[in-house]
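J.: In full-length UniProt numbering, the protein residues as written are 1 to 371.
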Ligand SMILES: [Zn+2]
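#1: Name the one or two DSSP bridge partners that residue 159 has.
#2: According to DSSP, is residue 61 part of a helix, a strand, or is it coil?
#3: Please classify residue 8: is it buried, with 16 or more other beta-carbons within 10 angstroms of its beta-carbon, or exposed?
#4: Our contact map puts residue 200 next to residue 291 with C-beta atoms below 8 angstroms; I'd like the distance itself, whole angstroms only.
#5: When the distance is taken between beta carbons, is residue 265 closer than 8 angstroms to residue 345?
#6: For residue 13, which residues does DSSP report across the bridge?
#7: Going by DSSP in three states, residue 181 sits in which element: helix, strand or coil?
#8: Please name the residue or residues paired with residue 256 in a DSSP beta bridge.
#9: Please report the residue range of the alpha helix (DSSP H) in which residue 207 lies.
#10: Please go through the same chain and pick out, in chain order, the residues whose beta-carbon is closer than 8 angstroms to the beta-carbon of residue 330, but skip the five residues on each side of it.
#11: Taking its Cβ as the centre, do 16 or more other Cβ atoms sit within 10 Å of residue 66, making it buried, or is it exposed?
#12: For ligand 1, any of its heavy atoms closer than 7 angstroms to the Cβ of residue 194?
#13: Assuming residue 176 and residue 147 are in contact, meaning their beta carbons sit under 8 angstroms apart, how far apart are those beta carbons, in whole angstroms?
#14: Using CA coordinates, which residue listed in 267, 314 and 359 is at the minimum distance from residue 96?
#15: Closest to residue 111 by C-alpha separation, out of 132, 78 and 326, would be which residue?
#16: Given a threshold of 16 other Cβ atoms within 10 Å of its Cβ, counted over all protein chains shown, does residue 283 qualify as buried or as exposed?
#17: Taking its Cβ as the centre, do 16 or more other Cβ atoms sit within 10 Å of residue 153, making it buried, or is it exposed?
#18: Going by beta-carbon coordinates alone, are residue 187 and residue 94 separated by less than 8 angstroms?
#19: To which residues of the same chain is residue 218 closer than 6 angstroms at the C-beta, ignoring the five residues directly before and after it?
#20: Less than 8 angstroms separating the beta-carbons of residue 315 and residue 306?
#21: Three or more C-beta pairs closer than 8 angstroms, one from the segment 43 to 52 and one from the segment 204 to 211: is that the case here?
#22: Quick check: residue 171 and residue 21, are their CB atoms within less than 8 angstroms of each other?
#23: Got a sec, what are the start and stop residues for the beta strand (DSSP E) residue 132 sits in?
#24: Please name the residue in 317, 42, 134 and 44 whose C-alpha comes closest to that of residue 99.
#25: Would a check of beta-carbon distances place residue 309 closer than 8 angstroms to chain B?
#26: Considering only C-alpha positions, which residue in the set 15, 75 and 25 is nearest to residue 46?
#27: Out of 210, 169 and 240, state which residue places its alpha-carbon closest to the alpha-carbon of residue 3.
#28: Less than 8 angstroms between the C-beta atoms of residue 243 and residue 220, yes or no?
#29: Could you tell me the distance, in whole angstroms, from the CA atom of residue 237 to the CA atom of residue 301?
#30: Let me make sure I understand the geometry here. Which of 72, 352, 324 and 102 has the alpha-carbon closest to that of residue 227?
#31: Are the CB atoms of residue 261 and residue 351 nearer to each other than 8 angstroms?
#32: Under 7 angstroms from any heavy atom of ligand 1, does the C-beta of residue 139 make it?
#33: How big is the Cα-Cα spacing for residue 80 and residue 144?
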């Protein structure tokens with residue numbers, strides 16, 4: 001065995017944890033913060049409560065970040081952070097807000113802008129500390145060193161990875177997820193499953209990430225359908241938050257693999273929500289991976305309660321159907337003759353972390369099999 005595992009994020013997991021946010025701010029000696037969130041959340045009952053709580057230390061609020069954060073979103077957010085002169089950033093929202101706040105906190109600390117940073121292939125070397133408060137259970141961004149950004153001109157979506165993208169503190173309060181609508185609960189829940197499975201079968205897997213990933217898969221398979229059908233049940237929400245956190249911790253170290261790599265053009269070109277775009281190939285890719293990693297995938301299938309990989313794959317397919325997600329690309333207004341273009345756009349490095357080698361032809365075959 002030969003591996004590294006580290007996570008520089010303080011994790012606070014508790015129903016109602018957000019009520020203690022001022023203690024967290026005080027304990028860290030933070031003085032002046034900026035809140036990055038969405039208008040919808042800030043106007044909700046929870047949002048107003050949090051705003052009230054933060055009134056002493058947070059005078060600036062910034063919102064208006066796209067569902068898939070763009071270079072322009074990062075530019076605007078960086079400018080807002082710089083102008084606020086903040087010594088900490090609170091990211092309160094779903095994955096897009098967390099991702100945008102994390103990368104913008106680095107750009108602001110480095111006194112640069114994202115375009116210049118990307119064009120000159122700079123290295124991130126500092127950040128303004130981020131307190132991440134996820135309001136969905138899916139992205140895992142609260143514990144990862146990754147921000148995913150979209151370029152609207154090139155229709156490209158790509159991950160940026162750096163140690164400085166880790167939030168300093170992740171406050172996971174399952175009560176914040178109670179207002180997440182059915183469709184988003186389903187889509188972000190399948191994203192959790194994808195993070196856990198891809199971390200497990202990634203070539204970068206290690207014994208600790210395996211334990212986290214297996215437990216996360218188990219929780220998703222036992223709770224996601226119930227969470228989608230009982231949106232105000234705090235127990236299912238809490239379990240999905242736990243699954244999301246464990247999967248986030250796992251893929252923070254291993255990265256994701258083929259399904260995330262293939263999802264990027266599906267999201268940037270066809271606007272398929274991130275979780276759905278990753279989930280749509282998940283059962284097929286798991287089966288392909290079992291051809292080259294039979295023992296590991298067989299062990300995973302059994303560990304999470306199924307007789308074999310075929311039964312597990314069937315259950316994933318059924319779960320997606322039961323929670324209202326599509327299993328076929330034709331449901332997303334994609335024409336069959338566009339599949340080749342999509343396959344050509346699958347250039348993300350994540351695909352190379354997949355144990356079953358997926359070249360352009362193989363990806364095209366895969367896309368055709370789920371058309
Ligand atoms: Zn994801």
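Note that CB positions come from ideal geometry on N, CA and C, so glycine has one too.
T.: Per the coordinate set shown:
#1: 148
#2: strand
#3: exposed
#4: Going by Cβ atoms, the distance from residue 200 to residue 291 rounds to 16 angstroms, so no, they are not a contact pair.
#5: yes
#6: 172
#7: coil
#8: None, per the DSSP bridge assignment.
#9: 207 to 229
#10: 336 and 371
#11: exposed
#12: yes
#13: About 21 angstroms; that fails the 8 angstroms criterion.
#14: 267
#15: 78
#16: buried
#17: exposed
#18: no
#19: 304
#20: yes
#21: no
#22: yes
#23: 130 to 134
#24: 134
#25: Among the chains of the structure shown, chain B does not appear; only one protein chain is present.
#26: 15
#27: 210
#28: yes
#29: 24 angstroms
#30: 324
#31: yes
#32: yes
#33: 23 angstroms
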